[in-house]
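Asks:
Residue numbers (UniProt numbering): 1 to 274.
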């Protein structure tokens, strides 16, 4: 069991549970209250474990929790299914590391290139863009192969301008990143990336400290293009081998966004021809 990682997760998620959310209305109105979220003893009470045992868990000194304790902690912390799975993974780490592939397969790149009217990208577990097509690169410069999406979102002012709803993009990026890397802590590349972002971006530090874990498989994104204005698209994300994810974007049929995307595809083809 990774005691330090489990302790950090428990502290972060406890701070996000408001007393009033769990029926502690009197505690919520206590002017002497000095902690964010629940106190340790309150969380222990809700989980049905001793306060001393829970304190040891948060200090990284606890023994391996039983299945029933983990279930009780997940319920007390109001974790959703994916966060609960992450809690179990921290307490029951997998014996083998997940493979990381930082190069897109030739056949996948051929598929991307064949989609001349559909923006599409492939990203690695480290959120590096390892493959994309010309239309995706024209839609948003952060989709150019070789770009790390986390660095782009948090450190590149141009990417902040491109995303109409930057706050949502940033939150999703961090939560998806945690979902992709799971409990892995020994990858030097991941350590370097997290350290760099933590050093240079307060927004990243705050989001990273929340320990949100979320795999987003579908949704909507709006991009601000310098020539065509705002283009709102839907996306679907599908897992490939070795931790890579294929993301495909499309417009709602018959919408003005579909017309804008078609025009962007024409512009892209013309520029590629030149």
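Cβ coordinates follow ideal geometry from the N, Cα and C atoms, glycine included.
To the nearest whole angstrom, what separates the beta carbons of residue 102 and residue 124, a pair I think is in contact under 8 Å?
Replies: With 8 Å as the limit, residue 102 and residue 124 qualify as a contact, their Cβ atoms being about 5 Å apart.
Asks: Quick one: what's got a C-beta closer than 8 Å to residue 222's C-beta in the same chain, skipping five residues either side?
Replies: The answer, listed in chain order, is 163, 164, 165, 230, 231, 232, 233.
Asks: For residue 188, does the three-state DSSP call read helix, strand or coil?
Replies: Here residue 188 sits in helix by DSSP.
Asks: Report the partner residues of residue 128 according to the DSSP bridge assignment.
Replies: Paired residue(s): 148.
Asks: Taking 7 Å as the limit between beta carbons, can you name the residues of its chain near residue 155, skipping five residues before and five after?
Replies: Cβ within range, chain order: 200, 201.
Asks: Measuring CB to CB, does residue 251 end up less than 8 Å from residue 207?
Replies: Going by C-beta atoms, residue 251 is not nearer than 8 Å to residue 207.
Asks: Near residue 23, what residues of its chain come up, given a Cβ to Cβ distance below 6 Å and the 5 sequence neighbours on each side ignored?
Replies: Closer than 6 Å at Cβ, skipping near neighbours: no residue.
Asks: Exposed or buried, residue 271, counting other C-beta atoms within 10 Å across all chains shown (16 or more means buried)?
Replies: By the neighbour-count rule (16 or more Cβ atoms within 10 Å), residue 271 is not buried but exposed.
Asks: Please state whether the Cβ-Cβ distance between residue 237 and residue 247 is less than 8 Å.
Replies: Result yes, Cβ atoms of residue 237 and residue 247 sit closer than 8 Å.
Asks: Going by alpha carbons, who is nearest to residue 242 out of 212, 258, 148, 105?
Replies: Among 212, 258, 148, 105, the Cα nearest to that of residue 242 is on 105.
Asks: Hey, how far is the Cα of residue 82 from the Cα of residue 64?
Replies: Their backbone Cα atoms lie some 20 Å apart in a straight line.
Asks: Secondary structure at residue 121, three-state DSSP: helix, strand or coil?
Replies: Residue 121 falls in the strand class under three-state DSSP.
Asks: Quick check on the burial criterion: 16 or more other C-beta atoms within 10 angstroms. Buried or exposed for residue 259?
Replies: Burial call: exposed.
Asks: Taking all protein chains shown into account, do 16 or more other C-beta atoms lie within 10 angstroms of the C-beta of residue 17, making it buried, or fewer, making it exposed?
Replies: Classification of residue 17: buried, given that the 10 Å Cβ count is 16 or more.
Asks: With DSSP as the reference, please indicate the residues paired to residue 237 in a beta bridge.
Replies: In DSSP, residue 237 forms a bridge with 247.
Asks: Are the beta-carbon atoms of residue 122 and residue 144 separated by less than 8 Å?
Replies: Not in contact: residue 122 and residue 144 (Cβ atoms no closer than 8 Å).
Asks: What does a CB cutoff of less than 6 Å around residue 14 pick up in its chain, not counting 5 residues either side in sequence?
Replies: These residues qualify, in order along the chain: 37, 38, 43.
Asks: Which runs of the alpha helix (DSSP H) spanning at least 4 residues fall entirely within the UniProt domain "HTH cro/C1-type" (37-83), listed in chain order?
Replies: Taking only runs of at least 4 residues, the alpha helix (DSSP H) segments lying wholly in the UniProt domain "HTH cro/C1-type" (37-83) are 40-47, 51-58, 67-76.
Asks: Would you tell me roughly how many angstroms separate the C-alpha atoms of residue 119 and residue 139, rounded to the nearest one?
Replies: The straight-line gap from Cα to Cα measures roughly 8 Å.
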